[in-house]
Amino acid sequence: MRTATRWAGGLWVAATLVMLRSERAMHAAGGPGIIAFELAGNEARATSILESWGPKGVAAARTSLWLDFGYMSTYGVFAALLAEGADRRLARRRSGVRRFPWAQVACVAAVAADAREGVALLNILRGRDRQAHAARARRAALTKFGLLSVVLLYWASSKTRPRKEEKKSVRDSKVVAWNRTHP
885 MRTATRWAGG LWVAATLVML RSERAMHAAG GPGIIAFELA GNEARATSIL ESWGPKGVAA
945 ARTSLWLDFG YMSTYGVFAA LLAEGADRRL ARRRSGVRRF PWAQVACVAA VAADAREGVA
1005 LLNILRGRDR QAHAARARRA ALTKFGLLSV VLLYWASSKT RPRKEEKKSV RDSKVVAWNR
1065 THP
């Protein structure tokens, strides 16, 4: 599990470095980065961003959006593996009881929201209904960021040490389990 998580994390870092090239090109063209475009939310803001980018920035944004379809799979797998690790750590604290893998489902939903966002933004670049697509992209981006934030908070909470009462109950349950198997 650790090896898979490390590989997925490495792929995510590598993909992030690739994505940063497009991000730098958008800034060099005189506009904001892709996240501002994702969150524009309306026609006026989306149009303002496109105008600030000019042709070079728009080309960089288009490249970034197409690369994002691969990028989302790297962070989705990495986040799902982090969530799986969190589930396993927390299950050990609960005497091996695992719960519904909601965090992994949230990772899938975040990637799906990102795909919806990407399609909406590409439609804006194609000159289609900027108001509708900007609003759609913003909702999808906020959904994506919210779901990933919850998953990462879940992962971080699994890394904290249990309180004394929890430690005692975990220790007691391990003793009981050991006594059952070693009469």
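Going by our numbering, the first residue of the sequence shown is number 885, and it counts up by one from there. The beta carbon of each residue, even a glycine, is placed where N, CA and C say it ideally should be. If you're wondering where the values come from, they're calculated on a predicted model, not measured in any experiment.
Rounded to a whole number of angstroms, what is the C-alpha to C-alpha distance between residue i and residue j?
i	j	result
Leu981	Ser1042	The amino acid at residue 981 is misidentified as Leu; the sequence shows Val. Using only the alpha carbons, I get a separation of about 14 Å.
Arg1020	Ala1004	7 Å
Leu1031	Phe962	14 Å
Ala912	Thr958	26 Å
Ala924	Ser979	47 Å
Met885	Ala1025	29 Å
Pro985	Leu951	28 Å
Ala944	Asn926	21 Å
Ser906	Thr947	7 Å
Thr900	Ser1033	18 Å
Thr965	Val942	Here residue 965 turns out to be Leu, not Thr, going by the sequence shown. About 34 Å.
Arg1045	Arg929	45 Å
Asp1013	Gly938	19 Å
Ala970	Trp891	17 Å
Met910	Ala888	33 Å
Val902	Leu1009	21 Å
Excluding the 5 residues preceding and the 5 following residue i in the sequence, name in chain order all residues of the same chain whose CB lies nearer than 7 Å to its CB.
i	result
Lys1028	Ala994, Ala997, Asp998 and Glu1001
Met956	Val995, Asp998 and Ala999
Ile933	Gly915, Pro916, Ala920, Phe921 and Ala924
If you drop the 5 nearest sequence neighbours on each side, which residues of the same chain put their C-beta closer than 6 Å to that of residue i?
i	result
Leu895	Thr958
Lys940	Ala913
Leu1006	Leu949
Gly960	Cys991 and Val995
Assuming residue i is part of the alpha helix (DSSP H), what are its boundary residues?
i	result
Val1003	Trp986 to Leu1009
Arg1020	Arg1014 to Lys1043
Met903	Arg886 to Ala912
Gly826	Residue 826 lies beyond the range of the chain shown here (885 to 1067); nothing can be said about it.
Ala920	Ile918 to Glu922
Is residue i a contact residue of the ligand SAM, with contact defined as CB to any heavy atom under 7 Å?
i	result
Ala1024	The ligand SAM is not part of this structure, which contains no ligands at all.
For residue i, collect the residues of the same chain with a Cβ closer than 8 Å to its Cβ; drop the 5 residues on either side in sequence, then sort them by chain order.
i	result
Ala967	Pro985, Ala987, Gln988, Ala990, Cys991, Val1035, Tyr1038 and Trp1039
Worksheet item: Is the region 975 to 989 touching the region 1009 to 1020, taking contact as three or more C-beta pairs under 8 Å?
Response: no
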